[in-house]
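Chemist: The structure under discussion is supplied below as C-alpha cells; questions concerning it will follow.
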Amino acid sequence: MFKALMLDKQDDRTVASIQSIDESRLASSGNGGDVLVRVDFSTLNYKDGLAITGKVPVVRTWPMVPGIDFAGVVETSSHPEYKPGDAVVMNGWGAGETHWGGLAQKARVPGDHLIALPANITTRQAMAVGTAGYTAMLCVQALEKHGIGAKDGDVLVTGANGGVGSFAIAMLAKRGYRVIASTGRPEEAARLRELGAADIVERATLSEPGKPLQKERWAAAVDCVGSHTLANVCAGLRYGGAVAACGLAQGMDFPATVAPFILRGVALLGVDSVYVPRERRIAAWRAIADEVPVATIESVATAIPLADAPEVAQRLLRGEVKGRVIVDVNA
Ligand code: NDP
C-alpha cells in the first residue's frame, strides 16, 4: 500500500482526498510503465492547481493521481536503462492528466519518460527546480540554438517573479546575459536583482495593446505571459532577435501583426516541456545541474506535506503563493 492524493469526480465536482492505494492498482493507472519509482518529492505547478481544484479540465480519466512531475528512486525496473536505486526525475508526458502522476509515494511509468538525475543534484533540489526551472532551461537553450549569444544585447524575461521567470533570470545571468525583468510586482525588485536581473520594467508597459513595430530594445526574450505582452515583446525585438514563448499567464491569445517577422526577421520559438524529445530533456537537466547554484535552487522553494496539497493548490490559483512549492509525499 502507498499514500496518494486522489482526485475523484462527484456530481461534476473534483474531490481531492488522501487515500491508501494498493500497489497493484498502478499497473492499471493508464501508462503501462516498466519502472516503479519510490517518489521522494513532487511539486505543485499551476497546472496541478487547475487539476486539483477542477477549475479547468486538466484531468482526462478518473480517478486520477495528479502531479505533472516527480523525483525519486527506482524500486523495480524491466527497462534496460534503469536499475533499483537509480535517482530519476520525470516531467510531463501527460502525468496527472491521462495517467497517474507524482503526488503519491509510488509511480509506475515507462522508463522512456524518465531522466537519470545527474549526480550533483538531489531529488529535493530537482523538484525545487521542477517543471518551471526545466522549462526555463528549455527556453534558454532554444534561444541559443537559434544563435542568440550574450553579446547580442539585453534579454527580457516576462512574468519574472513566477517559477519559470525566476529561473530564466538566474540561468541567463549565469551565462553572461544582461537580463531585464518584467514584473507586476515591483516590490520584489530586490529579489529579482539578486537572482541576476540588471534592470526591471513594469508589467503594465507591455500588457496593453501596442504598435505593431516599436523601438528595438531586446536581442531576445523569454515570455511566460502571452497575449498583448508577447505581441509587444515581438514588436520590440531587435532585427534578427528571438523570443522563446512558453506561457499564457496573461492570456492564450496572441494579438500581433506579422510586421516584426517580415520586416525585422525576428523569430517566435515555441517551447513545450510536456512532450519535448528525450535528448533535449537530458541536455536541459544536465545544464541545470551544472549551472544553477544550489543556493538559488534552495532560495525559491518551500516544502509542504502531501496532505496540505489541496489547500495550497487553492492558494496557488489565487496568486497567494510565492516561489516554488515542493511536496514531500512521505511527510
Ligand atoms: P507562475 O504562476 O509561477 O508565474 C506566472 C507569472 O506571470 C506571475 O508570477 C506574474 O509575474 C506573471 N503574471 C501573472 N498574471 C499575469 C497577468 N495577468 N498579466 C501579466 N503577467 C502576469 O507560473 P510559472 O512561472 O510556473 O509558469 C509561467 C507560465 O508558463 C504559465 O502560463 C504556465 O502555464 C506556463 N508553463 C508552460 C510550460 C510549457 O511546457 N510550455 C511549462 C511550465 C509552465 P510577476 O508577478 O513578476 O508579474
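Using the UniProt record's numbering, read the sequence shown as starting at 1 and increasing by one per residue.
Backbone N, C-alpha and C fix where the C-beta goes; we use that ideal spot for every residue, glycine too.
1. Glycine 125 lies in the beta strand (DSSP E); which residues open and close that run?
2. Give the list of continuous alpha helix (DSSP H) stretches no shorter than 4 residues that lie fully inside the segment 35–77.
3. With a threshold of 8 Å, are at least 3 pairs of Cβ atoms found where one atom belongs to the segment 238–250 and the other to the segment 214–223?
4. For asparagine 232, is the beta carbon positioned less than 7 Å from some heavy atom of the ligand NDP?
5. Report yes if the CB atom of proline 110 is closer than 8 Å to the CB atom of glycine 32, and no otherwise.
6. Starting from the Cα of isoleucine 121, find the closest Cα among Ile326, Val321, Arg286 and give me that residue.
7. Rounded to the nearest angstrom, what separates threonine 205 and threonine 183 at their Cα positions?
8. In the DSSP output, what is methionine 171 paired with across the bridge?
9. Who does leucine 114 pair with in a DSSP beta bridge?
10. Under 7 Å from any heavy atom of the ligand NDP, does the C-beta of glutamine 19 make it?
11. For a quick check, are the C-beta atoms of methionine 171 and methionine 137 less than 8 Å apart?
12. Assuming alanine 173 contacts glycine 149 (C-beta within less than 8 Å), just tell me the rounded distance between them.
13. Within 10 angstroms of the Cβ of threonine 131, are there 16 or more other Cβ atoms? Answer buried if so, exposed if not.
14. Helix, strand or coil for lysine 9 per DSSP?
15. Please report the Cβ distance between valine 325 and isoleucine 304, rounded to the nearest whole angstrom; I am assuming they are in contact, meaning their Cβ atoms lie under 8 Å.
16. In whole angstroms, give me the CA-to-CA distance for valine 39 and glutamate 311.
17. Please state the DSSP three-state secondary structure of aspartate 272.
18. Measuring alpha carbon to alpha carbon, tell me which of Ala307, Ala295, Met1, Ile21 ends up nearest phenylalanine 167.
19. Confirm the yes/no value for this check: CB of leucine 248, any heavy atom of the ligand NDP, distance under 7 Å.
20. Any heavy atom of the ligand NDP closer than 7 Å to the Cβ of threonine 229?
21. Rank Ala27, His99, Arg280 by C-alpha distance to the C-alpha of alanine 51 and give the top, closest one.
Modeler: Quick look at the numbers:
1. Residue identity differs from the one stated: residue 125 is glutamine in this sequence, not glycine. Glutamine 125 -> not in any beta strand (DSSP E); alpha helix (DSSP H) instead, spanning 123–146.
2. 46–53
3. yes
4. no
5. yes
6. Arg286
7. 10 Å
8. Paired residues: none, contrary to the question.
9. Met90
10. no
11. yes
12. At roughly 14 Å, the Cβ-Cβ gap does not stay under 8 Å, so alanine 173 and glycine 149 are not in contact.
13. buried
14. strand
15. 6 Å
16. 21 Å
17. coil
18. Ala295
19. yes
20. yes
21. His99
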